[in-house]
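Per the UniProt record's numbering: the sequence shown = residues 1 to 192. Heads up, the beta-carbon is just placed ideally off N, CA and C, and yes, glycines get one too. All values reported here derive from a predicted model rather than from experimental measurement. Working notes, beginning with the structure itself.
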Amino acid sequence: MNTKSIMIVGVGGQGTLLASRLLGNVLVAQGYDVKVSEVHGMSQRGGSVVTYVKYGDEVCSPIVEKGEADIILAFEQLEAARWLPYLKRDGAVVVNTQKMDPMPVVIGSAQYPEGVLEALEKTGVKVNAVDALNFAVQAGSAKAVNVVLMGVMAAHMDLSPEVWKQAIRETVPPKFVEMNLKAFDLGYQSGN
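Structure below.
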């Protein structure tokens with residue numbers, strides 16, 4: 001199998017690290033060689049966070065170069081736009097429609113750009129935009145946005161939903177398993 005590359009991008013506090021751990025567990029359980037690298041900007045202050053995940057028969061490095069990502073999983077619209085140059089021509093962007101104000105917007109020195117999703121779509125890449133926050137709330141907690149997005153992404157991959165659900169059972173604390181399974185299902189259904 002050729003090496004595949006996935007980037008998980010968002011801002012601090014959105015659950016990108018749990019998502020990358022869940023993805024890694026799924027891929028390892030399927031027998032792939034998996035390399036993961038996490039880059040934390042000022043993540044505790046709402047800064048950019050990116051995780052590179054590469055998998056295949058043999059993976060030498062976790063780093064994803066520009067034009068190399070098969071999938072960009074974006075927890076926030078501006079992060080999808082920021083990392084778009086890393087996507088392959090035939091790649092896909094799974095993006096949460098939620099907007100998280102970056103620090104310049106928070107302090108009033110800038111405004112959140114309008115039309116980010118439309119601009120992404122005009123580039124010609126496959127964009128699957130989903131209101132993950134709404135689905136997470138339906139599942140029982142706004143904190144389940146990450147698992148909703150994993151469900152959407154899973155619909156774009158050649159792995160059984162059961163493999164993902166098993167990884168959720170093994171990765172998430174027991175008292176949150178059922179809620180996260182529901183979040184995954186909602187995301188998976190919207191990704192198809």
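The shortest C-alpha to C-alpha distance from F135 to any of A129, A29, V125 and V148 is the one to V148. Judged by DSSP in its simplified three-state form, D185 adopts helix. Counting only residues of its own chain and dropping the five nearest sequence neighbours on each side, F184 has a CB closer than 8 Å to the CB of V147, V148, M150, G151, A154, P161, W164, K165 and I168.
A contact is defined here as three or more CB-CB pairs under 8 Å, and the stretch 92-99 fails this definition with respect to the stretch 49-64.
For R89, the closest alpha carbon among the candidates I71, E118, E178 and Q111 is that of I71.
For L73, the uninterrupted beta strand (DSSP E) run begins and ends at A69 to A74, by DSSP. Fully contained in the stretch 50-110 are the following alpha helix (DSSP H) runs of length 4 or more, in chain order: 77-83 and 103-106. Looking at the DSSP output, A144 sits in no beta bridge, so it has no partner there.
Taking 8 Å as the cut-off, the beta carbon of I63 is found closer than this to the beta carbon of S37. By the Cβ criterion, the stretch 73-80 is in contact with the stretch 105-125, since at least three pairs of Cβ atoms, one from each stretch, lie closer than 8 Å. For A136, the uninterrupted alpha helix (DSSP H) segment begins and ends at A132 to A139.
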